[in-house]
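Numbering (the numbering used here), first residue to last: 26 to 755. This report concerns only the one structure given below.
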Amino acid sequence: MEDITTFSFDVGIKLLKEYFSKENNEIVESVLGFVEGKLDNKVSRNVIFLWLADYLFSKAQYELLDILLNELDSFGGFWSREVAKFRLAIFNEKNQVIEAIDLINEWVIDSPRIINEFKVSDIFDNRKWKFFKNLDFLKVGLIAHYTYQLTDNEGIAYICKMACRSIIVNGIRENINELFYNNEDLKKIIIHFFLNVWVDENLSLCDDLDTTEKIRQERIEVLQLLLQWDNDKKNATKYTDEIKDLTFDQTLQKGLKTINQTRVFVNESAINRWAESEILTDFNRWIATKSSSSGTRFIDDIVSQFSVDAKHLQLLQDVSDGQPSISSAMLIDIIDRLYKRFLTDPTDGLDCYLSLRIRHGSLRGTILGPLEEKRLLYFSGDISKREFVNEWSDSLEFNHLTLEEILAILEDFSKKVKFLVDELVNDFVQINSKEKPRGAFKYWFNKEFLKVITGMLDDFDETNLSFSAFLASCYFLFWKSLVDLGLKDINLYITNDFKEKIKNEFDGLISKFRSLNIGSDLLPLITMLQRISTDTQTQCDVVSDWFRLPNHADDEDFQLPDAINIAQAATQNVYRALDANFHHQDTIKISLTTTALAVITDCLFVIFENAWKHSGLGSDLKNIDIETEFNDSNKLLTLIVYSDLSEDKLRELTQSEIDRLKEKYIANTLPIHLVSKEGGSGFPKLRRIVRSVKKTQCPNPFDFGLKNSRWFVQITIQLFEREGRFEAHV
Numbered sequence: 026m027e028d029i030t031t032f033s034f035d036v037g038i039k040l041l042k043e044y045f046s047k048e049n050n051e052i053v054e055s056v057l058g059f060v061e062g063k064l065d066n067k068v069s070r071n072v073i074f075l076w077l078a079d080y081l082f083s084k085a086q087y088e089l090l091d092i093l094l095n096e097l098d099s100f101g102g103f104w105s106r107e108v109a110k111f112r113l114a115i116f117n118e119k120n121q122v123i124e125a126i127d128l129i130n131e132w133v134i135d136s137p138r139i140i141n142e143f144k145v146s147d148i149f150d151n152r153k154w155k156f157f158k159n160l161d162f163l164k165v166g167l168i169a170h171y172t173y174q175l176t177d178n179e180g181i182a183y184i185c186k187m188a189c190r191s192i193i194v195n196g197i198r199e200n201i202n203e204l205f206y207n208n209e210d211l212k213k214i215i216i217h218f219f220l221n222v223w224v225d226e227n228l229s230l231c232d233d234l235d236t237t238e239k240i241r242q243e244r245i246e247v248l249q250l251l252l253q254w255d256n257d258k259k260n261a262t263k264y265t266d267e268i269k270d271l272t273f274d275q276t277l278q279k280g281l282k283t284i285n286q287t288r289v290f291v292n293e294s295a296i297n298r299w300a301e302s303e304i305l306t307d308f309n310r311w312i313a314t315k316s317s318s319s320g321t322r323f324i325d326d327i328v329s330q331f332s333v334d335a336k337h338l339q340l341l342q343d344v345s346d347g348q349p350s351i352s353s354a355m356l357i358d359i360i361d362r363l364y365k366r367f368l369t370d371p372t373d374g375l376d377c378y379l380s381l382r383i384r385h386g387s388l389r390g391t392i393l394g395p396l397e398e399k400r401l402l403y404f405s406g407d408i409s410k411r412e413f414v415n416e417w418s419d420s421l422e423f424n425h426l427t428l429e430e431i432l433a434i435l436e437d438f439s440k441k442v443k444f445l446v447d448e449l450v451n452d453f454v455q456i457n458s459k460e461k462p463r464g465a466f467k468y469w470f471n472k473e474f475l476k477v478i479t480g481m482l483d484d485f486d487e488t489n490l491s492f493s494a495f496l497a498s499c500y501f502l503f504w505k506s507l508v509d510l511g512l513k514d515i516n517l518y519i520t521n522d523f524k525e526k527i528k529n530e531f532d533g534l535i536s537k538f539r540s541l542n543i544g545s546d547l548l549p550l551i552t553m554l555q556r557i558s559t560d561t562q563t564q565c566d567v568v569s570d571w572f573r574l575p576n577h578a579d580d581e582d583f584q585l586p587d588a589i590n591i592a593q594a595a596t597q598n599v600y601r602a603l604d605a606n607f608h609h610q611d612t613i614k615i616s617l618t619t620t621a622l623a624v625i626t627d628c629l630f631v632i633f634e635n636a637w638k639h640s641g642l643g644s645d646l647k648n649i650d651i652e653t654e655f656n657d658s659n660k661l662l663t664l665i666v667y668s669d670l671s672e673d674k675l676r677e678l679t680q681s682e683i684d685r686l687k688e689k690y691i692a693n694t695l696p697i698h699l700v701s702k703e704g705g706s707g708f709p710k711l712r713r714i715v716r717s718v719k720k721t722q723c724p725n726p727f728d729f730g731l732k733n734s735r736w737f738v739q740i741t742i743q744l745f746e747r748e749g750r751f752e753a754h755v
């Protein structure tokens with residue numbers, strides 16, 4: 026009998042009548058009774074009644090159809106779901122939107138996947154947010170969310186986002202806990218809505234949630250509410266796991282933000298220690314001279330008595346209105362020496378940190394990362410040809426001749442892009458000098474700056490101007506009036522000139538590939554290059570944002586395991602082709618300040634980079650293991666990193682070669698001239714970090730070599746406990 030449903034209704038009814046005339050059948054009799062308008066017919070579990078329902082719907086015989094649907098609904102399960110589909114269609118035909126939304130929400134809350142069987146998009150046909158804004162925001166948002174997932178209709182997505190926005194604007198979110206406990210009939214939809222709909226992609230129009238960090242925090246708060254609301258304890262693990270993931274991600278992003286905000290840095294505490302030994306005596310003499318009645322002096326007299334730099338003679342005249350004094354000459358000399366040290370102290374000055382946190386791989390890797398990730402930065406003579414083929418052989422069909430032609434074009438592009446990045450690193454992000462005439466950070470200061478600093482110092486009584494206050498005032502003006510000029514110059518260059526030059530190189534590369542006879546075959550490569558070009562522009566913006574005055578926001582707490590994860594993420598953000606698995610287990614949980622986080626990240630960045638670049642394995646490097654030890658009595662933190670090596674590298678690293686490296690980087694005194702240089706192993710930067718560790722407490726604070734055919738680097742950092750947290754000074 027079910028075969029009847031394959032026919033049109035008219036043909037099917039004719040066949041049923043012919044059948045019924047020969048043999049009595051309860052189902053046939055019931056179907057024919059409904060057709061004739063009889064309302065007391067018996068309904069059974071047979072698909073022929075759905076066929077009948079479809080006919081009654083097509084004829085808009087809703088009263089008769091409602092009776093039939095009620096009977097079918099009583100069977101439950103499959104039959105109730107089919108009935109719901111018909112009822113939704115009826116509501117849509119009658120423009121009963123509220124009833125349609127209520128019905129579909131009941132089903133979706135119990136089983137979201139079932140929405141595929143309903144014609145939910147009809148609810149939104151030819152209707153905009155204006156129509157829905159006076160309805161129940163929770164119900165509208167929920168159905169719009171699932172309908173968008175089904176249709177990818179951006180207009181429906183907008184309705185969902187506006188429903189979420191209205192929940193905040195109208196105070197529903199603020200009072201949601203009270204609403205939940207005071208409305209028993211809303212509990213189920215509130216739980217389902219805030220679990221599935223209240224997610225970042227639907228909150229983009231909420232003014233109060235305008236950053237990723239705020240949305241992440243909002244999600245954590247909602248999950249905490251769900252833990253209270255949901256009586257189904259099996260869901261508790263799901264909520265707590267997501268809270269853990271979000272908290273980890275929140276910590277990770279907070280740590281990465283902290284790192285980026287401190288890339289431009291000077292260890293002022295260390296400069297203070299230098300100043301106390303080298304400048305304090307002259308400062309005291311200047312204070313005494315400044316308060317004396319020695320009066321003005323002739324330039325020649327001052328030059329003969331004090332070692333005044335020749336380039337400051339005119340400055341001395343200008344700042345003294347032609348009447349130079351001994352105190353002015355002394356002040357210029359003190360500030361000059363302090364500023365030079367501020368910029369170029371070999372282990373703590375601005376140049377050292379520019380090298381460690383920007384020039385030593387970070388800038389290059391961040392900008393070139395999108396290309397490296399897809400193995401499109403090609404140079405003949407290294408392993409990039411093999412990696413290019415491995416990455417692209419499934420997407421491109423090329424013979425040997427075609428491959429060489431592609432690689433030749435790619436190498437020319439790679440050299441040009443690398444030149445631009447090297448120029449930025451080697452020429453612009455530098456202290457200005459004879460060797461680096463284009464360096465953005467200049468030594469000199471003018472009379473306007475000197476008048477500002479003199480005016481600031483004059484605000485102190487001579488008896489109240491301590492040396493520490495003097496240094497703090499100088500540092501403040503060094504940053505605001507001198508260093509910031511260089512930061513703005515670099516920022517402006519990257520934002521305008523550099524980005525445009527990089528874009529032009531991408532455009533030229535894409536044009537060359539399109540002009541090849543096999544251009545159509547290269548479509549996957551061309552499409553990827555277009556995306557990478559956009560990504561690289563974004564990366565340029567990321568780098569540009571590094572060049573700002575250091576952020577002195579409130580200190581944050583980081584656990585040691587989090588610090589290791591942050592260092593890993595920071596390294597992989599720079600070196601996207603580094604796809605190794607990082608392992609660290611049973612890491613002690615000690616609370617770290619942002620200064621300790623920065624020092625640990627500095628260490629691990631250099632070590633992870635070294636492990637990857639010098640492994641000989643390239644992207645085949647699979648595992649990096651991190652072990653930690655903490656000596657609580659001496660507050661010494663030891664990090665040991667193990668990584669794999671290629672067979673060729675193992676053969677190169679003979680015992681004599683390792684001894685030579687140890688002689689260079691460990692046995693001898695710290696090679697200060699290499700600390701602010703880039704390239705190579707980065708070991709001078711690591712050696713610098715361990716200089717404060719006492720040999721009596723840790724004879725070998727820095728070590729490296731082979732253990733069980735794996736490369737290891739070990740470094741010990743001196744920590745200092747302050748109110749239950751640990752900070753690091755280097």
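All C-beta atoms, glycine included, are put in the ideal place defined by N, C-alpha and C.
Identify the residues that DSSP records as bridge partners of residue i: which are they?
i	result
R735	K732
Q584	S616
R747	R750
F8	Coverage of the chain is limited to positions 26 through 755, which leaves residue 8 absent and any answer about it impossible.
Can you tell which of the options has its C-alpha closest to the C-alpha of residue i?
i	options	result
K674	G730, V477, V414, D147	G730
N535	L401, Q275, N151	According to the sequence as given, residue 535 is Ile; it is not Asn. Out of L401, Q275, N151, L401 has the C-alpha closest to the C-alpha of I535.
R713	P586, F727, K720	F727
S558	F205, V442, R70, L662	V442
T172	N130, C723, R190	N130
D135	H217, N200, V194, F205	H217
F503	N516, K153, E473, F655	E473
G180	D509, F219, K153, N195	K153
N297	L93, V56, A588, F495	F495
E412	S644, E688, I92, E748	S644
W637	D650, E96, L603, R112	L603
D177	F149, R573, E203, D161	F149
N659	N648, T721, A595, S668	T721
T283	R463, N725, T626, R362	T626
V68	L445, R362, L94, G464	L94
N590	L574, L629, L548	L629
F466	V446, D484, F572, L490	F572
Would you please state the rounded distance, in angstroms, between the beta carbons of residue i and residue j? I believe it to be under 8 Å.
i	j	result
V289	G374	Incorrect: roughly 12 Å between the Cβ atoms, too far for contact.
T620	A753	6 Å
C723	L661	6 Å
F111	A78	6 Å
T612	T653	5 Å
L75	E107	6 Å
W311	S352	6 Å
I193	C231	5 Å
F607	I649	5 Å
What are the start and end residues of the beta strand (DSSP E) that includes residue i?
i	result
S668	661 to 668
E654	648 to 656
H608	606 to 608
A753	750 to 753
I want to check one thing, is the minimum distance from the CB of residue i to the heavy atoms of the ligand MG below 7 Å?
i	result
I625	What this structure holds is no ligand at all, so the ligand MG is not there to describe.
At which residues does the alpha helix (DSSP H) containing residue i begin and terminate?
i	result
V247	237 to 254
W299	293 to 303
R556	548 to 571
Q275	261 to 286
F205	201 to 207
F708	708 to 714
T172	162 to 176
H639	It is not in any alpha helix (DSSP H) - H639 carries neither H nor E in the DSSP assignment.
N451	Run containing N451: none; DSSP gives neither H nor E here.
Can you check the stretch 68 to 156 for any alpha helix (DSSP H) of at least 4 residues that lies completely inside it and give the ranges in chain order?
73 to 83, 87 to 98, 102 to 118, 122 to 135
Runs of 4 residues minimum, wholly inside the stretch 456 to 537: which ones carry the alpha helix (DSSP H) assignment?
472 to 483, 492 to 502, 509 to 518
Kindly provide the ranges of any alpha helix (DSSP H) runs that are 4 or more residues long and lie completely inside the stretch 362 to 437, ordered along the chain.
375 to 379, 387 to 398, 409 to 417
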